[in-house]
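Colleague: Here it is, the structure, as structure tokens.
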Amino acid sequence: MDRKDVLCALVAFLVGAVVSSPSLDYGWNWFPSGADARGHMTKVWMLEKLWSMGDVPYPKWSEYWYCGYPFLWFYPPLAYFIPALMTHLAKTDVLTAWKWWTWLAYSLAGPSVYASARLMGASPLGSLIAAVAYQTSYNHIEITFTEGRIPTVAAIVFYALVPGLLVAVYRRVWERGRWAGYLALVLSLTILMHHSSGLAAITVCLAYVALRISRSWTLWAVGKEELPSILPEVPGHAWVLFAILLSVLAVSWWLMPALEYRTYSYTTKPKWWISMSSVHDPWEFFVPDYWKTRYAKYVGAIQFLLGWAGLILAARRRPRTFLPFAIMTGVALLLSFGLVLQKPMERIGFEPKWFLMFSAVILCTFVAFVVDNFRFLRRHTVLIMICSMMVVDAAIGLKYAYRPVHYTVSELSALLWMREHTGPWDRVATVGYRALWGMEPYITGAPSVFGWYREGTPIRDVVVQYQRSFKRVEPNKALKIGDVLGVRFLILSSRKPYAKRMITELERVGVRPIRDYRWVKVYEFNPTMGYEIDDIKSVFLGNKYRYMRLCKLLRYDPKYAPAYAFTRIPDCDLVRYAHPQVVVMDRHPSPEEVRVLKEFGVKEILVLDRYHKFKTKIFGINIVHDRPLRIVKMLPKRNLKPIRVDLGHAWFKVYGRGWVWVKVPYFPCWIPDRGVRLGGIDNMILLRVPSPTTVKFVWNPHPLWIALSAFSLCVSLYLTFSRQWRT
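For the sequence shown, the positions run 10 to 736 when the numbering used here is used.
And the structure:
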């Protein structure tokens, strides 16, 4: 790196700083546009609050977000720790630290793209143009300001370096260990900023190695290359795979508990959502269909064409090095149209346009090779015109994308009243507010039901049904689900038409507001928090998504819903302890499974089967195949007794013994230190309590993972900075 590189990287940073500068211009009651941004900002506020309560350095639990969840296990912690530390060091408020963090993360993407292009062998001028292309791309603006995916923006700072480091590992033969160390550190930081971006970066590395191996051995098989020309690549493959292993082990202290958390969670998206999130025009790599700025389509098309021209030119000049990137980007473009792999995307909640979010960085990096191949453009006015048009269009586009939102006087009055009248565990829900979902904890200091629903995935479907019940004007159904969610206070803003109709319907069923602020109404309810039950009469063994749909058919009624064991194994702890009368399965049981279930007193097995209807007997146990709609009517009923639960920060006290269900909104994914957690139903968790007891939240990483993380980090740093690897 010389003075010219430093100067070009600084220019790339300044372009991003200018484009993103409007993010610094709002005050206390003006919040970032983009639904995700406000939820992410609230996590920083919660981190600050938990630190002030003495829960340091890494809080494992937050009662404020989505009714309580394992804090920073679903999303990685680094994107929240940095602005929280900025708040501490600068002695400023969370909102100010958050907007400066947004500005910094956006601006640093340009220097990363520049560095990656330089590692690939591009000239300083070509690399600078590539950095400007990404800093002004609508993809970068959209994920930052329209959608507010700040962890993704922070991760792109490191993700953008991955293509260049991959090339460096293969090209710089005598420094492979050093560049592999850099790659391991970059992958680790990407994962800790944003898990999906980290997965994308690892996928790029694995695909690059696989494509290089496939190309080399295919050419050798057809006689176009000799074996001696292929073998020197093998150390490069090994170093890249070793770097991936190091990166995964370095973050295993966070990754392993996060994977355990997903055992009890699910994320799905309907087919129409996947279709809506698909790409319709190729230039949507950079310009979504709904952008209405003057030059948007043209600038997006220019970036798209320049990127592909650079990919093709680079692949023609050095196919072994750059052809894998062209293949990966082409595959990502095809997948983004949502025409293939629809079912897997629906199951995991993956939106097709996300393929472009990670491919756009690579495509912009290859703009550098267009400049390098057409040297007559270097001092030509065409380059200056293209860059100027990109910057001007980005500035115009940001005016459309960046629209800060704020609470009105009435909305703010209701939320501030909540701050004075809510207890530490009183749930607050808002309906009809103007895209301020997730900010309630920041304003009220009380737990919120409507945090970003993927955080509390064990009850995600209940929250979605709650919202839809209000929008469809179904007050009785909404109030029933609200009891499941533990909602005590509901704030309805009638600025939205459906909310205005909802107020009328609530009055019709006899529900009156306790506070009235012009068009904002505050309602109060008295939810129960859990039940003692007489027995576990039915248990579900099978796929958690089918169990979710079964509970939906049962309207989440704890009198009938079977307990879920989170497994298919017939001799699981829940069956061993509970000895249920009925077991529900999503497939026909094997004779061995029937024999095991009979040993534990099971009398009947109900099989969810949409296509067949029949009855049979194996070892004296009735096995019934039928449609889910009919199966729900065959489930045995149980008796319930509401219980009183004392709640605190990461603990609760149960005044009872035997079988207890505690509602998921209070502790969606906990491990008890006393008693035995044996399963749950869709909106409750099942606990076997030997006597009245206090149950604390426990979620500690195994010491082995912490040791492996520390060891892997040391190895990565040694490879990166040791002189042995610089020869």
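Virtual Cβ for every residue (Gly too), placed ideally from N, Cα, C.
All values reported here derive from a predicted model rather than from experimental measurement.
Counting along the chain, where does the beta strand (DSSP E) carrying V518 start and finish?
Modeller: Position 509 of the sequence shown, counted from the first residue, corresponds to residue 518. Element bounds for V518: n/a, residue is neither H nor E.
Colleague: Can you tell me where the alpha helix (DSSP H) with S547 in it begins and where it stops?
Modeller: What you label residue 547 is simply residue 538 of the sequence shown in a count that begins at 1. Looking at the DSSP string, S547 is not in any alpha helix (DSSP H); the run it does join, the beta strand (DSSP E), is 547-550.
Colleague: Measuring CB atoms only, is the region 547-565 touching the region 497-517, in the sense that at least three cross pairs come out at less than 8 Å?
Modeller: no
Colleague: Counting only the same chain and skipping the five closest in sequence on each side, list residues whose C-beta sits under 6 Å from that of F364.
Modeller: For the purposes of this step, residue 364 is taken as residue 355 along the sequence shown, with counting starting at 1. Around F364: A341, L344, S345.
Colleague: From A259, S223, C581, Y507, pick the residue whose C-alpha is nearest to that of L201; which is it?
Modeller: Walking along the sequence shown from the start, residue 201 turns up at place 192. That would be A259, whose Cα lies nearest to the Cα of L201.
Colleague: Taking only the alpha-carbon atoms, compute the straight-line gap between S197 and V437 and give it to the nearest angstrom.
Modeller: Translated into positions along the sequence shown, residue 197 becomes position 188. Translated into positions along the sequence shown, residue 437 becomes position 428. Taking the straight line joining both Cα atoms gives about 37 Å.
Colleague: Under a three-way DSSP split, which group does N382 fall into?
Modeller: The residue given as residue 382 occupies position 373 in the sequence shown. Helix, per DSSP.
Colleague: For Y143, which option in T155, V166, P160, I159 has the closest C-alpha, if you only look at C-alpha atoms?
Modeller: Mapped onto the sequence shown, residue 143 falls at position 134. Nearest of T155, V166, P160, I159 to Y143, Cα basis: V166.
Colleague: What is the residue span of the beta strand (DSSP E) that T625 lies within?
Modeller: In the sequence shown, the residue the question calls residue 625 occupies position 616. Counting along the chain, the beta strand (DSSP E) containing T625 begins and ends at 623-627.
Colleague: Could you check how far apart the C-beta atoms of S168 and A140 are, in whole angstroms? I think they sit under 8 Å.
Modeller: Within the sequence shown, numbered from 1, the residue matching residue 168 stands at position 159. Within the sequence shown, numbered from 1, the residue matching residue 140 stands at position 131. Checking the displayed sequence, the identity of residue 168 turns out to be Tyr instead of Ser. That pair is no contact at about 14 Å.
Colleague: Around the C-beta of L33, are 16 or more other C-beta atoms found within 10 angstroms, so that it is buried, or is it exposed?
Modeller: Translated into the one-based positions of the sequence shown, residue 33 becomes position 24. A residue is called buried once 16 or more other Cβ atoms fall within 10 Å of its Cβ, and L33, having fewer, is exposed.
Colleague: Tell me the DSSP bridge mates of M594?
Modeller: Residue 594 sits at position 585 when you count from the first residue of the sequence shown. DSSP lists L550, V616 as partners of M594.
Colleague: Comparing C-alpha positions only, which one of I627, L254, N552 sits nearest to G190?
Modeller: On the sequence shown, residue 190 is found 181 positions in, with the first residue counted as 1. With distances taken between Cα atoms, G190 lies closest to L254.
Colleague: For the alpha helix (DSSP H) that H149 lies in, which residues bound it at each end?
Modeller: Position 140 of the sequence shown, counted from the start, is the residue given in the question as residue 149. Start and end: 147-150.
Colleague: Select from G657, Y620, P456 the residue whose C-alpha is nearest the C-alpha of T737.
Modeller: Limits of the chain in this structure are 10 at one end and 736 at the other, which puts residue 737 out of reach.
Colleague: Report the option in L23, A487, V401, S502 whose CA atom is closest to the CA atom of S116.
Modeller: Looking up residue 116 in the sequence shown gives position 107. The shortest Cα separation from S116 among L23, A487, V401, S502 belongs to L23.
Colleague: Of the choices F80, A88, T729, W107, whose alpha-carbon is the least far from that of T96?
Modeller: For this step, residue 96 is matched to residue 87 along the sequence shown. Ranking the options by Cα distance to T96, first place goes to W107.
Colleague: Helix or strand or just coil, what does DSSP make of L16?
Modeller: Reading the sequence shown from its first residue, position 7 is the one you call residue 16. The answer is helix: DSSP assigns L16 an H, G or I state.
Colleague: Find the nearest neighbour of A210 within the set D635, G245, S256, judged by alpha-carbon distance.
Modeller: Residue numbering aside, residue 210 sits at position 201 when the sequence shown is read from its first letter. The option with the nearest alpha carbon to A210 is S256.
Colleague: When you compare the CB positions of H204 and A267, do they come within less than 9 Å of one another, or not?
Modeller: Residue 204 sits at position 195 when you count from the first residue of the sequence shown. Residue 267 sits at position 258 when you count from the first residue of the sequence shown. Their beta carbons are under 9 Å apart, which means H204 touches A267 by this criterion.
Colleague: What do you reckon, are the CB atoms on K489 and R558 nearer than 9 Å?
Modeller: Taking the first residue of the sequence shown as 1, we reach residue 489 at position 480. Taking the first residue of the sequence shown as 1, we reach residue 558 at position 549. Not closer than 9 Å, so no.
Colleague: Mapping DSSP to helix, strand and coil, what is W226?
Modeller: The count along the sequence shown starts at 1 and reaches residue 226 at position 217. Helix.
Colleague: Going by DSSP, which residues form a beta bridge with L501?
Modeller: Within the sequence shown, residue 501 is the residue found at index 492, counting from 1. Paired residues: V440, K530.
Colleague: Do you know offhand how far V641's Cα is from I614's?
Modeller: In the sequence shown, the residue the question calls residue 641 occupies position 632. In the sequence shown, the residue the question calls residue 614 occupies position 605. Between V641 and I614, the C-alpha separation is close to 13 Å.
Colleague: Hey, quick one: how far does the beta strand (DSSP E) through I542 stretch, first residue to last?
Modeller: For the purposes of this step, residue 542 is taken as residue 533 along the sequence shown, with counting starting at 1. Run containing I542: 539-542, per the beta strand (DSSP E) assignment.
Colleague: For the 8 Å Cβ check, are there 3 or more pairs between the region 611-630 and the region 711-721?
Modeller: no
Colleague: Since R737 and W426 are thought to touch, with beta carbons under 8 Å apart, how far apart are those beta carbons, to the nearest angstrom?
Modeller: Nothing can be reported for residue 737: it is not among the residues displayed for the chain, which extend from 10 to 736.
Colleague: Identify, in the order they occur along the chain, each residue of the same chain with its Cβ nearer than 6 Å to the Cβ of E127, setting aside the five sequence neighbours on each side.
Modeller: Taking the first residue of the sequence shown as 1, we reach residue 127 at position 118. Reading off the sequence, residue 127 comes out as Arg, not Glu. For R127, where only same-chain residues beyond five positions count, the Cβ hits under 6 Å are S136.
Colleague: Looking only at its chain, what residues have a beta carbon closer than 8 Å to the beta carbon of W482, apart from the 5 residues adjacent to it on each side?
Modeller: As a working note, residue 482 is residue 473 in the sequence shown. Inspection of the sequence shows that residue 482 is occupied by Val rather than by Trp. Same-chain partners within the cutoff: Y507, R510, M511, E514.
Colleague: When the distance is taken between beta carbons, is Y179 closer than 9 Å to E242?
Modeller: Indexing the sequence shown from 1 puts residue 242 at position 233. Indexing the sequence shown from 1 puts residue 179 at position 170. In this structure, Y179 lies closer than 9 Å to E242 by Cβ.
Colleague: Relative to the C-alpha of T439, which candidate in T431, M448, G432 has its C-alpha closest?
Modeller: For the purposes of this step, residue 439 is taken as the residue at position 430 of the sequence shown. Among T431, M448, G432, the Cα nearest to that of T439 belongs to M448.
Colleague: Does the region 630-640 touch the region 530-541, meaning 3 or more C-beta pairs lie closer than 8 Å?
Modeller: Judged by pairs of C-beta atoms under 8 Å, the region 530-541 does not touch the region 630-640, as fewer than three such pairs exist.
Colleague: Given a cut-off of 9 Å on the beta-carbon distance, is the pair V531 and L494 in contact?
Modeller: Residue numbering aside, residue 531 sits at position 522 when the sequence shown is read from its first letter. Residue numbering aside, residue 494 sits at position 485 when the sequence shown is read from its first letter. In this structure, V531 sits away from L494, with a CB-CB distance that is not shorter than 9 Å.
Colleague: Mind checking who G135 pairs with in its DSSP beta bridge?
Modeller: Numbered from its first residue, the sequence shown carries residue 135 at position 126. BP columns for G135 are empty, so no partner.
Colleague: For L726 and W188, what's the separation of their Cα atoms in angstroms?
Modeller: The count along the sequence shown starts at 1 and reaches residue 726 at position 717. The count along the sequence shown starts at 1 and reaches residue 188 at position 179. For L726 and W188, the distance between alpha carbons rounds to 11 Å.
Colleague: Can you tell me whether L16 is buried or exposed? The criterion is at least 16 other CB atoms within 10 Å of its CB, across all chains shown.
Modeller: Taking the sequence shown and counting its residues from 1, the one referred to as residue 16 is at position 7. Flag for L16 reads exposed.
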